[in-house]
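All residue numbers for the sequence shown refer to UniProt numbering, where the first residue is 1 and numbers rise by one.
We put the CB at the ideal spot given by N, CA and C, even for glycine.
Predicted, not measured: the structure shown is a model, and the values here were computed from it.
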Amino acid sequence: MAKRTPPTHPRVQRQIEALGQRLRAARMRRSMTQEVLAERVGVSVPTLAKLENGDPSTSLATVLRALTALGLGGDIDLIAAQDTLGRELQDNALRRTNAPPRSRTPKP
């Protein structure tokens, strides 16, 4: 029985496809065939083709191994390195925690 992949949001699908195109371009700039890269990544050629074509069922581990095999592994550390929204939410939560308790006025 085939594994079912949940629906992918259109914006996310475009990002996955763009990543696949960038990986294909990086492979081609290195004059590397799909067969060679697939062997270095440890996947089959059809799996590598899925990655390059933006198939959302490709595992994150495969993406990371492909980046590493292409010499782009350092780029991995840039993903979500700046979590501006998360820091703001954390700071707001700390402000609420450290704020003095609100005084309650009795209801008439």
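Residue i vs residue j beta-carbon contact at 7 Å
i, j, result
"V36", "A66", "no"
"A26", "L70", "yes"
Own chain, CB closer than 8 Å to residue i, minus 5 neighbours either side, in chain order
i, result
"K3", "S57"
"Q15", "none"
For residue i, the three-state DSSP class (helix, strand or coil)
i, result
"A38", "helix"
"T5", "coil"
"N92", "helix"
"R53", "The question names Arg, but residue 53 in the sequence shown is Asn. It is coil, neither helix nor strand."
"V12", "helix"
"V43", "coil"
"R104", "coil"
"M28", "helix"
"I76", "helix"
"A81", "coil"
CB-CB length for residue i against residue j, believed under 8 Å
i, j, result
"T68", "L51", "About 13 Å separates the two Cβ atoms, so there is no contact after all."
"G54", "Q13", "7 Å"
7 Å CB neighbourhood of residue i in its chain, flanking five on each side removed
i, result
"V45", "Q34, E35, A38"
"L48", "Q34, L37, A38, V41"
Same chain, Cβ closer than 6 Å to residue i, neighbours up to 5 away in sequence not counted
i, result
"E17", "G54"
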